[in-house]
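*Asks:* Chains as they are written, first to last, in my numbering: chain A, 1 to 163; chain B, 1001 to 1552.
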Amino acid sequence: MAIQERTISLLVNNQPGVLSRIAGIFSSRGYNIRSLCVAETTNPEVSRITLTSRAESDFTEKIKKQLEKLVDVISIADFTGAPSVQRELMLISLRLNEENRQEILRAIDVFGCRVVAMSGDSLIMEITANKDKTAAILRYFEPFGVEEMNRTGAIAVFRRQQE
Amino acid sequence: MGTIGADIVLKTLTEEGVEAIFGYPGANTLPLHDRLAEGPIRHYLMRHEQAAAHAADGYARVTGKVGVCLATSGPGATNLVTGIATAYMDSTPLVAITAQVDSDLWGRDAFQETDIIGITMPITKHSFMVRDVTQLASSLRQAFQLASTGRTGPVLVDIPKDILSAPCGDQPKRVPAAPSKRIENPEQLERIAQALNRSERPVIIIGGGVKLGDACERASEFVQKAQIPFVTTMMGIGSVASANGFNLGFIGMHGNELANRTIHQADFILALGTRFTERSTSVIEEFAPLATVAQIDIDPTSIGKNIKVDLAYEGDIQDALTALIPLIAPHAREEWMGRIRAERDLQEAKLKDGGCGQAGNLIRKIQAAMPREAIVIPDVGLNQIWTVRTWQSHSPRSLLTSGGMGTMGFSVPAAIGAKVGAPDREVIVICGDGGFYMNIQELATISAYRLPIKIVVINNGHLGMIRQIQDLFYEARFTESELGDKTDLTAVARGFGVPAERVAVDEDPKEAIARMASAEGPYMIEAMVDQNNYVYPIIPPGCSNMEMICGK
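1. Helix or strand or just coil, what does DSSP make of Leu1602 (chain B)?
2. Step through the CB atoms of chain A and report whether any lies within less than 9 Å of the CB of Met1524 (chain B).
3. Give the residues of chain A in contact with Pro1300 (chain B), contact being defined as C-beta atoms less than 8 Å apart.
4. If contact is defined by three or more beta carbon pairs under 8 Å, each pair taking one atom from either stretch, is the segment 1376-1385 of chain B in contact with the segment 1428-1439 of chain B?
5. For Tyr1523 (chain B), count the other beta carbons within 10 Å of its own beta carbon; 16 or more makes it buried, fewer makes it exposed. Which is it?
6. In the DSSP assignment, find the beta strand (DSSP E) that holds Gln102 (chain A) and state where it starts and stops.
7. Spell out whether any CB of chain B is found under 9 Å from the CB atom of Gly24 (chain A).
8. CB Pro1452 (chain B) to CB Gly1497 (chain B), shorter than 9 Å?
9. How would you write the range of the beta strand (DSSP E) that Leu123 (chain A) sits in, first residue to last?
10. Quick one: which chain A residues come within Cβ less than 8 Å of Pro1093 (chain B)?
11. Could you tell me whether the Cβ of Pro1160 (chain B) comes closer than 9 Å to any Cβ of chain A?
12. May I ask you to list, following chain order, the residues of the segment 1107-1121 of chain B that have a beta carbon less than 9 Å from some beta carbon of chain A?
13. Can you tell me whether DSSP reads His1054 (chain B) as helix, strand or coil?
14. Going by DSSP, what residue range makes up the beta strand (DSSP E) through Lys1454 (chain B)?
15. Using 8 Å as the cut-off, can you tell me whether the segment 1237-1252 of chain B makes contact with the segment 1394-1401 of chain B, which would need three or more C-beta pairs spanning the two stretches below that distance?
16. Any heavy atom of the ligand ZN closer than 8 Å to the beta-carbon of Ala1448 (chain B)?
17. Mind pulling the chain A residues with CB within less than 8 Å of Leu1156 (chain B)?
18. In three-state DSSP terms, what is Asn97 (chain A)?
19. On the DSSP bridge list, what partners appear for Cys1069 (chain B)?
20. Smallest Cα separation from Gly1406 (chain B): which of B:Thr1277, B:Glu1285, B:Ile1284?
21. Which residues, in chain order, does the segment 1-35 of chain A contribute to contact with chain B at a C-beta distance below 8 Å?
22. Rank A:Arg87, A:Arg106, A:Leu19 by C-alpha distance to the C-alpha of Tyr140 (chain A) and give the top, closest one.
23. Cβ closer than 8 Å: which chain A residues qualify as neighbours of Leu1573 (chain B)?
24. Quick check on Met1129 (chain B) - is its C-beta less than 9 Å from some C-beta in chain A?
25. Against chain A, does Gly1213 (chain B) count as a neighbour if the rule is that its beta carbon must be under 9 Å from one of theirs?
26. Let me check understanding here. Comparing Cα to Cα, which of B:Gly1461, B:Thr1114, B:Gly1153, B:Asp1034 lies closest to Asp1299 (chain B)?
27. Would a C-beta distance cut-off of 9 Å place Val1529 (chain B) and Leu1489 (chain B) closer than the cut-off?
28. Whose CA, out of B:Met1234, B:Thr1098, B:Asn1256, lies closest to the CA of Met1546 (chain B)?
29. Check whether the Cβ atoms of Val1231 (chain B) and Ile1206 (chain B) lie closer than 9 Å to each other.
30. Could you please tell me which residues of the segment 51-63 of chain A, in chain order, have their CB closer than 9 Å to any CB of chain B?
31. Which residues in the same chain have their Cβ closer than 7 Å to the Cβ of Asn130 (chain A), if we skip the five residues on either side of it in sequence?
32. Within 10 angstroms of its Cβ, does Thr41 (chain A) collect 16 or more other Cβ (buried), or is it exposed?
33. Helix, strand or coil for Val1380 (chain B) per DSSP?
34. Can you tell me where the beta strand (DSSP E) with Asp1158 (chain B) in it begins and where it stops?
35. Terminal residues of the continuous beta strand (DSSP E) containing Met1411 (chain B)?
36. Helix, strand or coil for Pro1167 (chain B), going by three-state DSSP, please let me know.
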């Protein structure tokens, strides 16, 4: 069965311990969570967890059933392959010098990134994009010497289909 | 005395129908133990918390009610772990109550503080940390609800001592839950029925879920109506009466050859309340290669977990069978039943003494001396397989065994719970010397409460099943499997206040068994068997259910 990156989103009760129960479902079966994003929803008693994991497709079905059994899990949505908008936020800090300054600023413009802080010899930019694009941008800037990078992991919303 | 958290706990337990709990006090349970004296709930003081969990498990297995155990924080709570895991693997409804250190001490490595919720997360259905005294009743009620519905199992409720002793008002009463039984997908059952009606060589697999779902009578009805042979898993033994001719025995590693061979030839399997563990299927790719598999289970994660399923129905097994019975068109499968009859004759001629040697004869003699409705509790290892192969179970909930977890030391404490749950039935433990050592301290509990439990320790001086595996698959190198013969277990039992005698199995143990059977209180027989008294057939590791071997 094909190994695939899966994006799953869960609505859960905003309770202590919920995250460890969910993580336990993955870890006890030897699967790794690649990214994880947790935040309150419009209802403060409910949180949304968006996570990605690489797994066989039938495995995701089994994981979903296991997650559904958790008392604190309210609902599960699988974004893998579904029409949706997925985004992650990435911050990259770069060191600038005379040779690369112009090229970096031009690339930031081309990629549609945004400079959020800049001093004489360094710069911090932010990128909001889907995972493929953030990965491509990171690859581009790596040769310039990335001082620090941090990313949120994906969040997603279903795209409403025209009825 | 004003109402405190502990009173709410006891009141809620009473409302949930709890009559007996099994526990052990500690500094942090004291507010609760202190109030127990006034209430209608009987508390059985065990000699180890692990035994408290097994006793609650045994109680639940016999009565079908939720078993309750109680332990203090720290070591008390961690001692429950093996018992909780045992209940989890066999889906026993259990509520484990642990006391926790005062809430202002959390996270400070206080005396006897441990994160028992974290420790037990993978072996509980759910757990509650009660953070506010006003949540006590609702947390406990939810715990009982969760433990006893769906695929039943253990739930842990951790209560800090300050919450147990907090003054509080009355809490809302239990609202009876509306019965939610209904058939959600009748067309799936119709498809299963059609496939079954078309099949030429069908077999039913009865798993532990049939008894857990109170569907034994329905399953018997189903077998009779459909005229289809059935096999069981080890956990399903006794769920459908043995004596109706359709029972082919149990499948798996130490199962009946007839059951394993029949499954292999089947063209249709209806699996009821079983998850197809590797102990029952062996190499999964070679299990039932010709069969269309239909699975009925209340637990969605058990469907298709271990085997590819062609037709599935997720839901209550009793409801499913009730809906299925009228859809079955009985048809005589002469050829199939003839093949099974011939195979049965062949197997019976092949296997002397049912494959259990003198130990099997001993167990037959014990059963003959016991009332028909006796409850038998084997431990784990050779004694377990000898018992499940030999004992004729006439009703569900009369053979209790640690199947999934295979917990040595289960039998003696589980027998305490069984006897408390069914005081009018004889309870007999059939144990090995290894497992007997593991909860030997519970003889003190049996003795203190004068529980008339009968114990047979089949002593071969070894971890017999380990020895057999070493003999067969490790070139007879018996490393660390000999327990020796330096202990006089009868003297130990007598020291605990339990009358005991020793017999050799190759001499006739009939009289000793008669003395045990007629004893008013507890009684122990230490039955000495040869270390080479193994169990056959056995499936070697990595082999299929068709590759059973019957000797070295």
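The beta-carbon is built from N, C-alpha and C at its ideal position, and this holds for glycine as well.
*Replies:* According to the structure shown:
1. Nothing in the structure corresponds to residue 1602 (chain B), since chain B is present only between 1001 and 1552.
2. no
3. Lys65, Glu68, Lys69
4. yes
5. buried
6. Note, Gln102 (chain A): premise wrong, no beta strand (DSSP E); alpha helix (DSSP H) at 101-111.
7. yes
8. no
9. 122-129
10. Under the 8 Å cutoff, chain A gives no residues; its nearest Cβ is about 15 Å from Pro1093 (chain B).
11. no
12. Ile1117, Gly1118, Met1121
13. helix
14. 1453-1459
15. yes
16. Of ligands this structure carries none, so the ligand ZN is not represented either.
17. The contacting residues do not exist; Leu1156 (chain B) stays about 12 Å from chain A at best.
18. coil
19. B:Phe1022, B:Ala1096
20. B:Thr1277
21. Pro16, Gly17, Ser20, Arg21, Gly24, Ser28
22. A:Arg106
23. Any answer about residue 1573 (chain B) is impossible in this case: the structure gives chain B only from 1001 up to 1552.
24. yes
25. no
26. B:Gly1153
27. no
28. B:Asn1256
29. yes
30. Asp58, Glu61, Lys62
31. Gln86, Arg87
32. exposed
33. coil
34. 1154-1160
35. Reading off the sequence shown, one finds Ser at residue 1411 (chain B), where the question assumed Met. It is not in any beta strand (DSSP E) - Ser1411 (chain B) instead sits in the alpha helix (DSSP H) that spans 1411-1421.
36. strand
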